[in-house]
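Notes to accompany the following structure.
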Amino acid sequence: MTVTLVFLAVMMALFGGWLFSHSINVRPWEAQGAGAPRSQLPPALTAPRVGLAVFLAVATSLFALTISAYLMRQEMGHDWRPLTVPGLLWWNSVCLVLGSVALQSAWQAARRDNAARLRRDLLLGGGFTIVFILGQALAWWQLQARGIYLAANPANAFFFLLTALHVLHLLGGLFAWSRSLFRLQRGATPREMLPSVELCALYWHFLLLVWGILFALLLTT
Amino acid sequence: MAEPGHHGVPHAQAGEFDNVELVHPKSFIGKYVWSQDAKVIAIQYGLTAIAIGLVALVLSILMRLQLGFPNTFALIDPSSYLQYVTMHGMIMVVYLLTALFLGAFGNYLIPLMCGARDMAFPYLNMLSYWFYLAAVLILVASFFVPGGATGAGWTLYPPQAISPGTPGIDGGILLMLASLGVFIAGFTMGGLNYVVTVLQARTRGMTLMRLPLTIWGIFMATVMALLAFPALLVAILMMLCDMLLGTSFFMPEMLNLGEQSTHAGGSPLLYQHLFWFFGHPEVYIVALPAFGIVSDILATHARKNIFGYRMMVWAIIIIGVLSFVVWAHHMFISGMNPYFGFLFATTTLIIAVPTAIKVYNWVLTLWRGNIRMTVPMLFAIGFIFTFVNGGLSGLFLGNVTVDVPLADTYFVVGHFHMVMAVAPVLVVFGAMYHWYPKITGRMLDDTLGKIHFWVTFLGTYAIFYPMHFMGFAGVPRRYYGYGETAYIPDSIQTLNAFMSVAAIIVALVQLVFFYNLVRSYFRGREAGPNPWQATTLEWQTEHTPPRHGNFGAELPVVYRWAYDYGVPGAKHDFIPQNMPPDEVEKVDPMSQEAAQGRLPT
Numbered sequence: 001m002t003v004t005l006v007f008l009a010v011m012m013a014l015f016g017g018w019l020f021s022h023s024i025n026v027r028p029w030e031a032q033g034a035g036a037p038r039s040q041l042p043p044a045l046t047a048p049r050v051g052l053a054v055f056l057a058v059a060t061s062l063f064a065l066t067i068s069a070y071l072m073r074q075e076m077g078h079d080w081r082p083l084t085v086p087g088l089l090w091w092n093s094v095c096l097v098l099g100s101v102a103l104q105s106a107w108q109a110a111r112r113d114n115a116a117r118l119r120r121d122l123l124l125g126g127g128f129t130i131v132f133i134l135g136q137a138l139a140w141w142q143l144q145a146r147g148i149y150l151a152a153n154p155a156n157a158f159f160f161l162l163t164a165l166h167v168l169h170l171l172g173g174l175f176a177w178s179r180s181l182f183r184l185q186r187g188a189t190p191r192e193m194l195p196s197v198e199l200c201a202l203y204w205h206f207l208l209l210v211w212g213i214l215f216a217l218l219l220t221t
Numbered sequence: 222m223a224e225p226g227h228h229g230v231p232h233a234q235a236g237e238f239d240n241v242e243l244v245h246p247k248s249f250i251g252k253y254v255w256s257q258d259a260k261v262i263a264i265q266y267g268l269t270a271i272a273i274g275l276v277a278l279v280l281s282i283l284m285r286l287q288l289g290f291p292n293t294f295a296l297i298d299p300s301s302y303l304q305y306v307t308m309h310g311m312i313m314v315v316y317l318l319t320a321l322f323l324g325a326f327g328n329y330l331i332p333l334m335c336g337a338r339d340m341a342f343p344y345l346n347m348l349s350y351w352f353y354l355a356a357v358l359i360l361v362a363s364f365f366v367p368g369g370a371t372g373a374g375w376t377l378y379p380p381q382a383i384s385p386g387t388p389g390i391d392g393g394i395l396l397m398l399a400s401l402g403v404f405i406a407g408f409t410m411g412g413l414n415y416v417v418t419v420l421q422a423r424t425r426g427m428t429l430m431r432l433p434l435t436i437w438g439i440f441m442a443t444v445m446a447l448l449a450f451p452a453l454l455v456a457i458l459m460m461l462c463d464m465l466l467g468t469s470f471f472m473p474e475m476l477n478l479g480e481q482s483t484h485a486g487g488s489p490l491l492y493q494h495l496f497w498f499f500g501h502p503e504v505y506i507v508a509l510p511a512f513g514i515v516s517d518i519l520a521t522h523a524r525k526n527i528f529g530y531r532m533m534v535w536a537i538i539i540i541g542v543l544s545f546v547v548w549a550h551h552m553f554i555s556g557m558n559p560y561f562g563f564l565f566a567t568t569t570l571i572i573a574v575p576t577a578i579k580v581y582n583w584v585l586t587l588w589r590g591n592i593r594m595t596v597p598m599l600f601a602i603g604f605i606f607t608f609v610n611g612g613l614s615g616l617f618l619g620n621v622t623v624d625v626p627l628a629d630t631y632f633v634v635g636h637f638h639m640v641m642a643v644a645p646v647l648v649v650f651g652a653m654y655h656w657y658p659k660i661t662g663r664m665l666d667d668t669l670g671k672i673h674f675w676v677t678f679l680g681t682y683a684i685f686y687p688m689h690f691m692g693f694a695g696v697p698r699r700y701y702g703y704g705e706t707a708y709i710p711d712s713i714q715t716l717n718a719f720m721s722v723a724a725i726i727v728a729l730v731q732l733v734f735f736y737n738l739v740r741s742y743f744r745g746r747e748a749g750p751n752p753w754q755a756t757t758l759e760w761q762t763e764h765t766p767p768r769h770g771n772f773g774a775e776l777p778v779v780y781r782w783a784y785d786y787g788v789p790g791a792k793h794d795f796i797p798q799n800m801p802p803d804e805v806e807k808v809d810p811m812s813q814e815a816a817q818g819r820l821p822t
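Going line by line, the protein sequences match chains A and B. The first sequence stops at residue 221 when you use the working numbering, and every number in between is there. The second sequence stops at residue 822 when you use the working numbering, and every number in between is there.
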């Protein structure tokens with residue numbers, strides 16, 4: 001549980017610090033004017049961005065707990081036989097990095113009102129992600145073919161569980177991505193697309209980071 | 222998101238915080254079924270939660286019938302008894318209390334009390350309810366599959382939960398896990414809304430330190446739930462893998478009814494860690510909104526500002542944070558390292574400090590207040606008593622050495638029913654009596670309310686207080702029958718019969734409450750916009766009940782905190798949050814009331 005507790009401690013410290021700055025030297029019982037508008041949160045924090053941030057906190061909690069379970073199960077049982085991670089995962093990782101880069105570029109294109117580049121980069125971003133998912137499926141198939149079955153060992157089971165959870169999150173992202181693409185096809189301007197493209201890009205960066213941590217965990221344990 | 226100044230409400234002025242574009246449906250179905258209005262969603266959540274809660278209430282009566290009058294009812298056999306125990310616990314904790322406090326009260330009160338037109342993401346909010354309804358229906362379906370609902374206990378500990386011999390192994394456990402998964406997905410959608418709305422959609426002047434404590438309680442509980450429910454989700458997914466795919470996350474090697482299982486090496490203890498990492502914060506997910514609501518009811522009906530507002534806010538935060546580092550006190554008898562147990566006993570007892578601060582502050586709020594013994598006030602005061610009782614027995618169980626002999630006895634049942642069943646339910650009732658006039662525009666009947674309160678309050682003590690003594694006598698919990706157990710005296714059986722009769726009476730008196738709800742809806746006294754003379758924004762709406770969009774053409778502007786009751790020098794004994802300082806009527810300095818420092822109500 002150490003991993004989860006560290007994550008929670010960081011979350012709570014941030015939250016507590018922010019709250020502290022809003023409650024210290026405040027006398028709530030004194031009636032005053034309504035105060036300057038927008039004094040609460042910086043304008044960059046729009047509701048969709050905060051919504052995404054909260055969702056990312058939930059997803060981080062989910063992954064942190066699964067990693068905690070991974071490390072605890074490794075210690076608790078005496079039947080852990082580490083599996084050799086398929087080399088294909090390196091290629092898949094490259095695809096995911098490229099997908100993230102493409103979506104970052106799409107975000108930039110939307111900001112600069114460049115419709116052609118936005119369409120190209122959105123398609124590239126989604127395309128690389130689909131290749132990544134297919135690659136993960138291929139890696140699963142390779143493991144099965146090598147006789148490394150899900151139920152045979154907890155290390156295998158966790159490998160499948162962690163990668164599946166990550167792919168499920170990507171599929172959720174692809175659902176949002178396909179809706180954006182659909183809107184673009186129906187003639188939405190890059191400016192109108194900006195909020196959803198930026199959320200997609202941020203979500204992809206997050207999932208890339210999660211994948212980096214998961215991959216490092218699988219390689220080292 | 223709408224552009225600033227464009228609310229979708231005719232003539233709405235630009236809010237200081239961008240608000241949502243409201244969908245105004247024309248048809249009945251759009252308004253009341255597929256509604257995106259947080260208030261309608263709140264009522265949908267509330268009615269669904271109460272309906273499934275009634276199922277759980279009936280299950281508890283069935284259990285009491287068996288315990289009070291053993292082997293009298295052919296309907297109740299040992300398997301079905303275990304199913305009742307399991308489903309009663311799970312429904313009450315997750316599907317009733319969590320859904321009521323966050324889904325129903327959260328949806329109704331957050332936009333209104335923060336001065337927002339609706340939740341930040343209304344569509345997601347609507348989906349949240351339909352996911353919740355689906356989860357409830359899946360859960361109910363588990364009663365009807367072959368083998369019935371699961372009987373693994375509400376904690377669903379493996380290996381028992383998915384091993385042959387446990388009731389509901391055929392389909393019940395699968396539906397239970399599926400239902401929880403759907404519930405968590407739905408809750409995450411709702412929870413995102415509650416958090417973002419509190420952070421983003423507060424009206425101008427509604428600083429964090431001017432929020433009513435109800436909102437603080439619901440907000441912190443939502444944050445905790447968003448971080449804790451993933452632990453349950455991970456545990457469910459891993460258990461499903463063990464069950465369906467043959468993995469051994471939790472399942473050890475064992476003999477099942479004489480046959481060697483296919484699992485090997487799994488750790489049931491790992492499940493317990495994950496479950497209680499969710500399970501303990503869950504206690505406070507239920508308790509924190511109750512704390513908040515009680516604070517507001519006490520201040521309003523005692524006509525006094527809440528004592529130590531900032532301390533109350535920080536106590537909520539600290540309780541929330543600490544509740545994540547106490548989970549292993551549910552596992553003292555799992556064979557853990559004694560030092561580990563000592564650590565968790567310490568953190569557990571530390572939680573008593575912020576909790577005691579809250580209790581003292583509630584009592585000090587009442588001190589020299591102008592107390593009006595309304596029905597919501599009765600329930601709020603009843604809550605303080607019950608919560609203190611349950612909290613004190615928690616001090617026993619928090620200590621490892623005392624917990625070891627008392628765990629798995631009725632002492633634990635008595636403790637948690639006092640602290641997280643009766644206490645929050647009293648708040649639910651108090652809150653319903655308090656906000657019903659806003660929701661329907663009519664008052665609930667006072668006499669019926671008082672009958673409801675006294676029978677419920679005294680009745681629950683008659684049920685749960687004796688359980689502590691049964692626990693000291695060593696009577697084990699979860700048992701269908703005790704047979705000829707030498708150390709259990711006959712008097713325990715008499716006590717059991719008494720508790721069962723009390724339980725039936727308490728269950729029946731809830732009918733009075735439902736009758737009151739229905740009758741008052743049609744025939745109740747007209748409430749007017751602000752029957753309790755309260756300060757918070759929901760009582761200052763243009764219409765009662767508030768229409769879609771909550772406020773009139775302009776969003777309210779907030780100038781003060783939520784607790785300006787009995788302000789010295791003011792003519793009236795309450796000043797609404799949205800009243801500018803220069804509009805507050807001052808009392809004539811020569812008048813006698815002002816000289817006494819007390820104002821007429």
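All residues carry an ideal CB built from backbone N, CA and C; glycine is no exception.
Since A791(B) sits in a beta bridge, which residues does DSSP pair it with?
-> K807(B).
Mind checking if M76(A) is an interface residue toward chain B, Cβ cutoff 8 angstroms exclusive?
-> It does: the Cβ of M76(A) has a partner Cβ on chain B nearer than 8 angstroms.
For F15(A), does the three-state DSSP call read helix, strand or coil?
-> Of the three classes helix, strand and coil, the one that applies to F15(A) here is helix, per DSSP.
Residue of E198(A), T163(A) and T60(A) minimising C-alpha distance to F215(A) | It is T163(A).
Can you give me the Cβ contacts of H205(A) inside the same chain, cut-off strictly under 6 angstroms, excluding the 5 residues immediately before and after it?
-> Correct list, in chain order: S100.
Cβ-Cβ separation, F496(B) to T569(B) (assumed contact under 8 angstroms), whole Å = In fact, because the Cβ distance is near 17 angstroms, the residues do not count as touching under 8 angstroms.
Assuming K579(B) contacts F528(B) under a Cβ cut-off of 8 angstroms, what Cβ separation, rounded to an integer in Å, is found between them?
-> K579(B) to F528(B), Cβ: 10 angstroms. No contact.
Where the region 621-652 of chain B meets chain A: residues whose CB sits under 8 angstroms from a CB there | Cβ contacts with chain A: none found.
Per the contact definition of three or more C-beta pairs closer than 8 angstroms, is the region 710-727 of chain B in contact with the region 687-702 of chain B?
-> The region 687-702 of chain B vs the region 710-727 of chain B: in contact.
Comparing alpha-carbon positions, which option in A723(B), E806(B), V779(B) and V640(B) lies nearest E30(A)?
-> It is V779(B).
Cβ distance (whole Å) where V324(B) is taken to contact A270(B) below 8 angstroms = The amino acid at residue 324(B) is misidentified as Val; the sequence shows Gly. The pair is a contact, with the Cβ atoms about 7 angstroms apart (cut-off 8 angstroms).
Would you decide whether T668(B) is buried or exposed? Buried here means 16 or more other CB atoms lie within 10 Å of its CB.
-> The residue is exposed, with fewer than 16 neighbouring Cβ atoms inside 10 Å.
Neighbour list for T221(A) in chain B, Cβ cutoff strictly below 7 angstroms | Using a Cβ-Cβ cut-off of 7 angstroms, T221(A) is close to nothing in chain B; its nearest Cβ partner there is about 16 angstroms away.
Inter-stretch contact (C-beta, 8 angstroms, three-pair minimum) for the region 658-665 of chain B and the region 734-750 of chain B | Taking 8 angstroms as the limit for Cβ pairs, the verdict is that the region 734-750 of chain B does touch the region 658-665 of chain B.
Own chain, CB closer than 6 angstroms to V898(B), minus 5 neighbours either side, in chain order | For residue 898(B) there is no data in the structure shown, the boundaries of chain B being 222 and 822.
Are the beta-carbon atoms of G402(B) and I457(B) separated by less than 8 angstroms?
-> G402(B) is a Cβ neighbour of I457(B), given a cutoff of 8 angstroms.
Buried or exposed: which applies to N477(B), given that a residue is buried once 16 or more other Cβ atoms fall within 10 Å of its Cβ?
-> Here N477(B) is exposed. Its C-beta has fewer than 16 other C-beta atoms within 10 Å.
Going by Cα to Cα distance, which pick from I605(B), V621(B), F290(B) and P597(B) is closest to L585(B)?
-> It is I605(B) whose Cα lies nearest to the Cα of L585(B).
Expressed to the nearest angstrom, what Euclidean distance is found between the alpha-carbon atoms of G236(B) and L454(B)?
-> Legend: pLDDT at G236(B) = 38, less than 50; position of this residue unreliable, no value from coordinates given.
For the alpha helix (DSSP H) containing T66(A), list its first residue and its last residue.
-> Under the DSSP assignment, T66(A) falls in the alpha helix (DSSP H) whose first and last residues are A47 to M76.
Residue-chain proximity (Y786(B), chain A), Cβ-Cβ < 8 angstroms | Not closer than 8 angstroms to any Cβ of chain A, the Cβ of Y786(B) fails to qualify, so no.
E763(B) - containing alpha helix (DSSP H), residue span = DSSP places E763(B) in no alpha helix (DSSP H); its state is neither H nor E.
Kindly say whether I538(B), judged by its beta-carbon, lies nearer than 8 angstroms to any beta-carbon of chain A.
-> At least one CB atom of chain A sits nearer than 8 angstroms to the CB of I538(B).
Return the Cβ separation of F637(B) and R73(A) in integer angstroms, given the expectation that the two are a contact with Cβ distance under 8 angstroms.
-> The pair is not a contact, with the Cβ atoms about 29 angstroms apart (cut-off 8 angstroms).
Can you list, in chain order, the residues of the region 425-442 of chain B whose Cβ is nearer than 8 angstroms to any Cβ on chain A?
-> Correct list: R425, G426, T428, L429, M430 and R431.
Taking the continuous alpha helix (DSSP H) assigned at A549(B), which residues delimit it?
-> In the DSSP assignment, A549(B) falls outside any alpha helix (DSSP H), carrying neither H nor E.
Taking a Cβ distance cut-off of 8 angstroms, strictly less, list which residues of the region 114-133 of chain A are near chain B, in chain order.
-> Cβ contacts with chain B come from no residue of the region 114-133 of chain A.
Per DSSP, cross-strand counterpart(s) of N477(B) | For N477(B), DSSP records a beta bridge to E480(B).
Nearest chain A C-beta to D239(B) closer than 8 angstroms, yes or no?
-> Note on D239(B): pLDDT 46, under 50, position unreliable in the model; the coordinate value appears next. Under the Cβ criterion of 8 angstroms, D239(B) is counted among the residues facing chain A.
Is the distance from the Cβ of L691(B) to the Cβ of I713(B) below 8 angstroms?
-> One detail in the question is off: residue 691(B) reads as Met in this sequence, not Leu. Contact flag set, yes.
With DSSP run on the structure shown, which of helix, strand or coil describes E30(A)?
-> Looking at E30(A) - three-state DSSP - the assignment turns out to be coil, as it is neither helix nor strand.
Mind checking A64(A): buried by the 16 CB within 10 Å criterion, or exposed?
-> Residue burial annotation: A64(A) is buried, with at least 16 other C-beta atoms found within 10 angstroms of its C-beta.
CB contact check: G16(A) to chain B, cutoff 8 angstroms = Residue-level contact by beta carbon holds for G16(A) and chain B, with a gap shorter than 8 angstroms.
Return the chain-ordered list of same chain residues with a C-beta closer than 6 angstroms to the C-beta of F685(B), the five sequence neighbours on each side being excluded.
-> Exclusion of the five residues before and after F685(B) leaves G635, H638 and M639 as the residues of its chain whose Cβ lies within less than 6 angstroms of its Cβ.
Sequence-distant residues of the same chain with beta carbon closer than 7 angstroms to G426(B), five excluded per side = These residues qualify, in order along the chain: V778, V779 and Y780.
Using the beta-carbon count (16 or more within 10 Å), is S721(B) buried or exposed?
-> Buried.
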